[in-house]
Amino acid sequence: MSRGDRATVTGNLSSSMRDNYGEYGVAEYYKKVGSTYRNPHYPGIRLCIFAWLSKWWSNESLDITSRMDNTNHVLLFDMACGIGEITLAFYEWLSACKLAHATTSTEKPGPSSRKYQPYIIPIGPDFPAPLIIAADPFTSAAYQDRTSLPCASLSFNDIAEGELPPFVSNLSKIKPRAPAHPQSLQDQIEEHNNTERDRDEDPLDLPDKNEALARQEPCTSVEMVVCSFALHLVENPSALFALLCTLSCKARWLVVLAPHKKPEIKDGWGWEKWNVKEWKGANSMSSHNGEILFDRVHCRVYRSVNI
0 MSRGDRATVT GNLSSSMRDN YGEYGVAEYY KKVGSTYRNP HYPGIRLCIF
50 AWLSKWWSNE SLDITSRMDN TNHVLLFDMA CGIGEITLAF YEWLSACKLA
100 HATTSTEKPG PSSRKYQPYI IPIGPDFPAP LIIAADPFTS AAYQDRTSLP
150 CASLSFNDIA EGELPPFVSN LSKIKPRAPA HPQSLQDQIE EHNNTERDRD
200 EDPLDLPDKN EALARQEPCT SVEMVVCSFA LHLVENPSAL FALLCTLSCK
250 ARWLVVLAPH KKPEIKDGWG WEKWNVKEWK GANSMSSHNG EILFDRVHCR
300 VYRSVNI
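Going by numbering that gives the first Met the number 0, the first residue of the sequence shown is number 0, and it counts up by one from there.
This is the structure in structure tokens:
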């Protein structure tokens, strides 16, 4: 899946993603670079996810905990997951929020973590079990290598036909094998998480025990689908309609990250555009009010009208 129109990192063949797609085609390009692909937009992606998740939990936590009579987890679908940028950002956000809950208010953040502080909220043990499913037809091996979690090789067409990844992973039980962008915030998170793991002798905490970190079961309630730098590759409007309508019956939220304002999601496709800032439905599907924007990364949020 596309990770932006421009990329300037080793492993992406050309510095222009448009040139790559034009020369190789999308499928062939990612077959060539799937194991080495890197998204240079990760800092903006990370900030967008931190901002979105903090707004989501601040506004939806009471409703989510009230539904915990039926379920005690929140399930995120990392669709077209690449090398796991969204999974890692979710992990880092939750770990930072738990760290904020565990530490005293007198402790000061490091310089490189200050820009994240507005989006780090104290989260205690009431947070449901954070579960992840992931799919990408081209980069599943790279995702597994980076996160230690399983990834299904499902395409957009597979998902439109109703398929979802069969393996559900508990995010709190794993440790990423290689932080995407080591910073002092990441160092603080890792130190805290390592301390927590030392207190728990459950073998599920061992990061290399992939078979223990994930279980195969049907996905019945997806809290959010996040698609980063990929949804605009579904260029056929009928195919995009089929995909989004299917997802609207399976997930409560759709979060789309992109370096531009594509694709256009229309009324009648199962989703309502969401004003994240005011936490209410937007005036129209084309409204940009309340969108999140960091480092040229646009984050647009939609709420299902079918759940």
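Where is the CB? At the ideal position from N, CA and C, for every residue including glycine.
So what does DSSP say about residue i, is it helix, strand or coil?
i, result
"H297", "strand"
"L163", "coil"
"E84", "helix"
"S94", "helix"
"F89", "helix"
"S283", "coil"
"S303", "strand"
"P129", "strand"
"S220", "coil"
"S152", "coil"
"A134", "strand"
"H191", "The pLDDT assigned to H191 is 48, lower than 50, so where the model puts this residue is not dependable, and the model offers no usable value."
Taking the alpha-carbon positions, what's the residue i to residue j distance?
i, j, result
"F155", "G161", "10 Å"
"I124", "E234", "The sequence given here has Pro at residue 124, not Ile. Going from the Cα of P124 to the Cα of E234 covers about 42 Å."
"W278", "N58", "8 Å"
"H231", "K261", "6 Å"
"L163", "L153", "8 Å"
"E91", "V224", "18 Å"
"C387", "H100", "Absent from the structure is residue 387, since the part of the chain shown begins at 0 and ends at 306."
"L203", "L170", "Any answer about L203 is weak, because its pLDDT of 31 lies below 50 and its placement is not dependable; what the coordinates show is given next. Taking the straight line joining both Cα atoms gives about 11 Å."
"V254", "A229", "12 Å"
"V304", "L246", "11 Å"
"P165", "P175", "21 Å"
"M67", "L87", "25 Å"
"I44", "S65", "30 Å"
"S283", "A141", "38 Å"
"L98", "Y115", "13 Å"
"G289", "S147", "34 Å"
"H40", "C80", "14 Å"
"I158", "S168", "19 Å"
"L256", "T102", "32 Å"
"P129", "F293", "25 Å"
"S285", "C226", "19 Å"
"I85", "I120", "19 Å"
"R251", "W51", "14 Å"
"F89", "S237", "31 Å"
"S1", "N38", "Because the pLDDT at S1 is just 38, under 50, the model does not fix this residue reliably, and the point stays unresolved."
"K276", "I291", "8 Å"
In the DSSP assignment, find the unbroken alpha helix (DSSP H) run with residue i in it and report its ends.
i, result
"L46", "41-65"
"L242", "236-247"
"R145", "139-146"
Which residues bound the beta strand (DSSP E) around residue i?
i, result
"K272", "270-274"
"A159", "Segment 155-159 is the alpha helix (DSSP H) holding A159; no beta strand (DSSP E) there."
"H72", "72-78"
"V254", "250-257"
Tell me whether residue i is buried or exposed, calling it buried when 16 or more other Cβ atoms sit within 10 Å of its Cβ.
i, result
"K265", "exposed"
"M78", "buried"
"N71", "exposed"
"R113", "exposed"
"K172", "buried"
"C248", "exposed"
"L61", "exposed"
"K54", "buried"
"H287", "exposed"
"P136", "buried"
"S139", "buried"
"E222", "buried"
"P258", "buried"
"R295", "exposed"
"P117", "exposed"
"G267", "exposed"
- Query: Between the segment 271-282 and the segment 293-306, do three or more beta carbon pairs fall short of 8 Å?
  - Reply: yes
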